[in-house]
Amino acid sequence: MTAIADPAIERQLRDAVKAERGSVWVRRLGPYTPLLILLVWEICSRTGVLDARFFPAPSSIVETFFELLVSGVLLENISITLSRIAIGFVMGAVPGIILGVLLGSVRTLRLLLDPIFSSLLPVPKVAIFPLLLLIFGLGETSKYVIVAIGVFFYLLFNTLSGVMQTPPLLNDVANANGATRLQRWMTVSFPYALPSIFTGIKLATGGAFVIIAASEFVGANSGLGYMIWSSWGTFAVSKMYVGIVTISVLGYAATWLWALLERRVVPWVKY
1 MTAIADPAIE
11 RQLRDAVKAE
21 RGSVWVRRLG
31 PYTPLLILLV
41 WEICSRTGVL
51 DARFFPAPSS
61 IVETFFELLV
71 SGVLLENISI
81 TLSRIAIGFV
91 MGAVPGIILG
101 VLLGSVRTLR
111 LLLDPIFSSL
121 LPVPKVAIFP
131 LLLLIFGLGE
141 TSKYVIVAIG
151 VFFYLLFNTL
161 SGVMQTPPLL
171 NDVANANGAT
181 RLQRWMTVSF
191 PYALPSIFTG
201 IKLATGGAFV
211 IIAASEFVGA
221 NSGLGYMIWS
231 SWGTFAVSKM
241 YVGIVTISVL
251 GYAATWLWAL
261 LERRVVPWVK
271 Y
């Protein structure tokens, strides 16, 4: 027997769905908002509303981008910056995740070490870069270490938070089935903390780009950060914008790839 739906209820549901989806025009224009901003910028720069010395027209920035791309300068700097981030990321992420699981699972260890890491967390990572330059010199090692330090704290605290949020019932079930402490870490705590770990990874990715750009300003003669800084010194504003936009695009692409991997590794989380 089929229930007869109340027309008033159906109308309320349609109105609620429509309100949730928002205006049709807003949904259609939303994806093109960046293009609209670029168009306004182009017009204002060409007509003198914006000072072209500081805000060159997007078309001139695109022209500079292709010049740097064809000459190989941009690709070379991109590869150098990405290699520094990749190596530093692994150096910081692996110990950050391992230590986060340990601190989240072992109360004694957490009580001893958490105050130390909590006191170091607010220290600006770029502020210790001069010290790293004194210790490791101007070579690549100092860049790897500064990125690793920044990534380490993101992964440590996100992993720690995820592990501590594991319901005790899950560990009780594992204990009842004879699981060892290592097995509980691998089959209960770590999987439950994966959403928090991926959140930390995505935050660390953005932080790594910020840190490496800042470190390349003063401690490198290559990379996107160096390209931005040297462009500022020679007043090559279009080239400077190319470096800034390139870092932004690379950071967004890396975060998107992590999100894509997260959907496959942690399919039980709603997106």
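1 is the number of the first residue of the sequence shown in full-length UniProt numbering; add one for each residue after it.
Where a beta carbon is used, it is the ideal one built from N, C-alpha and C, also for glycine.
All values derive from a computational prediction rather than experimental measurement.
Can you tell me whether Leu260 is helix, strand or coil according to DSSP?
Here residue 260 is taken as the residue at index 260 of the sequence shown, counted from 1. DSSP places Leu260 in helix when its eight states are reduced to three.
Neighbourhood of Ser161 by C-beta distance below 6 Å, restricted to the same chain and skipping five residues each side
For the purposes of this step, residue 161 is identified with residue 161 of the sequence shown, where counting begins at 1. The residues are Ser196.
Cβ-Cβ distance between Ile85 and Ile247 below 8 Å
The residue given as residue 85 occupies position 85 in the sequence shown. The residue given as residue 247 occupies position 247 in the sequence shown. Contact: no.
According to DSSP, simplified to helix, strand and coil, what is Gly223?
For this step, residue 223 is matched to residue 223 along the sequence shown. In the structure shown, Gly223 adopts coil according to DSSP, grouped into three states.
Is any heavy atom of the ligand GDP found at a distance shorter than 7 Å from the C-beta of Gly178?
In the structure on display, the ligand GDP does not appear, and there are no ligands present to speak of.
Is it true that the stretch 241 to 260 meets the stretch 111 to 127, where meeting means three or more beta-carbon pairs spaced less than 8 Å apart?
The stretch 241 to 260 vs the stretch 111 to 127: no contact.
Closest residue to Pro191 among Ala176, Met164 and Ala204 (Cα-Cα distance):
As a first step, residue 191 must be located in the sequence shown, where it is residue number 191. Considering only alpha carbons, the answer is Met164.
Identity of the residue in Phe54, Leu35, Ser79 and Leu50 nearest Gly225 by Cα
Locating residue 225 in the sequence shown gives position 225, counting from the first residue. The option with the nearest alpha carbon to Gly225 is Ser79.
Once DSSP output is grouped into helix, strand and coil, what is the label at Asn77?
Walking along the sequence shown from the start, residue 77 turns up at place 77. In the structure shown, the three-state DSSP call for Asn77 is helix.
For Ala236, does the three-state DSSP call read helix, strand or coil?
Locating residue 236 in the sequence shown gives position 236, counting from the first residue. Coil.
Residue interval of the alpha helix (DSSP H) (run including Lys143)
As a working note, residue 143 is residue 143 in the sequence shown. That run of the alpha helix (DSSP H) goes Glu140 to Met164.
Between Ala52 and Thr234, what straight-line distance do the alpha-carbon atoms span, to the nearest angstrom?
Here residue 52 corresponds to residue number 52 of the sequence shown, with the count starting at 1. Here residue 234 corresponds to residue number 234 of the sequence shown, with the count starting at 1. Between Ala52 and Thr234, the C-alpha separation is close to 16 Å.
Report the rounded CA-to-CA distance for Leu35 versus Val101, giving the unit in angstroms.
Locating residue 35 in the sequence shown gives position 35, counting from the first residue. Locating residue 101 in the sequence shown gives position 101, counting from the first residue. Within the model, the alpha-carbon separation for Leu35 versus Val101 is close to 44 Å.
Please classify Ser119 as buried or exposed, where buried requires at least 16 other C-beta atoms within 10 Å of its C-beta.
The residue you call residue 119 lines up with position 119 of the sequence shown. Around the beta carbon of Ser119, a 10 Å sphere encloses fewer than 16 other beta carbons of the protein chains shown; the residue is thus reported as exposed.
Would you call Asn158 buried or exposed, if buried means 16 or more other Cβ atoms sit within 10 Å of its Cβ?
Here residue 158 refers to the residue found at position 158 of the sequence shown. Under the 10 Å beta carbon count, Asn158 is surrounded by 16 or more other beta carbons and is classified as buried.
If you run the structure through DSSP and keep just helix, strand and coil, what is Ala127?
Sequence index remark: in the sequence shown, residue 127 carries index 127 (1-based). The DSSP-derived three-state label of Ala127 is helix.
Is the separation between the beta-carbon of Ala208 and that of Gly139 shorter than 8 Å?
Stepping through the sequence shown from its first residue, residue 208 is reached at position 208. Stepping through the sequence shown from its first residue, residue 139 is reached at position 139. Their beta carbons are not under 8 Å apart, which means Ala208 does not touch Gly139 by this criterion.
Could you check the C-alpha separation between Pro7 and Thr33 for me, to the nearest Å?
By 1-based counting over the sequence shown, the position of residue 7 is 7. By 1-based counting over the sequence shown, the position of residue 33 is 33. Distance between the alpha carbons of Pro7 and Thr33: 38 Å.
Please state whether DSSP places Trp229 in a helix, a strand or coil.
By 1-based counting over the sequence shown, the position of residue 229 is 229. Taken through DSSP and simplified to helix, strand or coil, Trp229 comes out as helix.
Since Ile97 contacts Lys125 with CB under 8 Å, what's their CB separation in whole angstroms?
Working through the sequence shown from its first residue, we reach residue 97 at position 97. Working through the sequence shown from its first residue, we reach residue 125 at position 125. Contact doesn't hold; Cβ gap of about 18 Å is too wide.
Is Ala57 helix, strand or coil when you go by DSSP?
On the sequence shown, residue 57 is found 57 positions in, with the first residue counted as 1. Correct three-state label for Ala57: coil.
Could you pull the start and end residues of the alpha helix (DSSP H) that Thr47 belongs to?
In the sequence shown, counting from the first residue as 1, residue 47 sits at position 47. Note, Thr47: alpha helix (DSSP H), Thr33 to Thr47.
Tell me whether Thr199 sits in a helix, a strand or coil according to DSSP, three-state version.
As a first step, residue 199 is located in the sequence shown; it is residue number 199 there, counting from the start. Residue state, collapsed to three classes: helix.
Mind checking Val249: buried by the 16 CB within 10 Å criterion, or exposed?
On the sequence shown, residue 249 is found 249 positions in, with the first residue counted as 1. Flag for Val249 reads exposed.
Exposed unless 16 or more other CB atoms sit within 10 angstroms - verdict on Trp185:
Within the sequence shown, residue 185 is the residue found at index 185, counting from 1. Buried: at least 16 other Cβ atoms inside 10 Å.
Scan the stretch 71 to 115 and note each continuous alpha helix (DSSP H) run of 4 residues or more that stays entirely inside, going in chain order.
The stretch 71 to 115 contains, as complete alpha helix (DSSP H) runs of 4+ residues, the segments 73 to 105 (chain order).
Compute the Euclidean distance between the alpha carbons of Ala179 and Gly200, then round it to the nearest angstrom.
On the sequence shown, position 179 is the one that residue 179 refers to. On the sequence shown, position 200 is the one that residue 200 refers to. Their backbone Cα atoms lie some 28 Å apart in a straight line.
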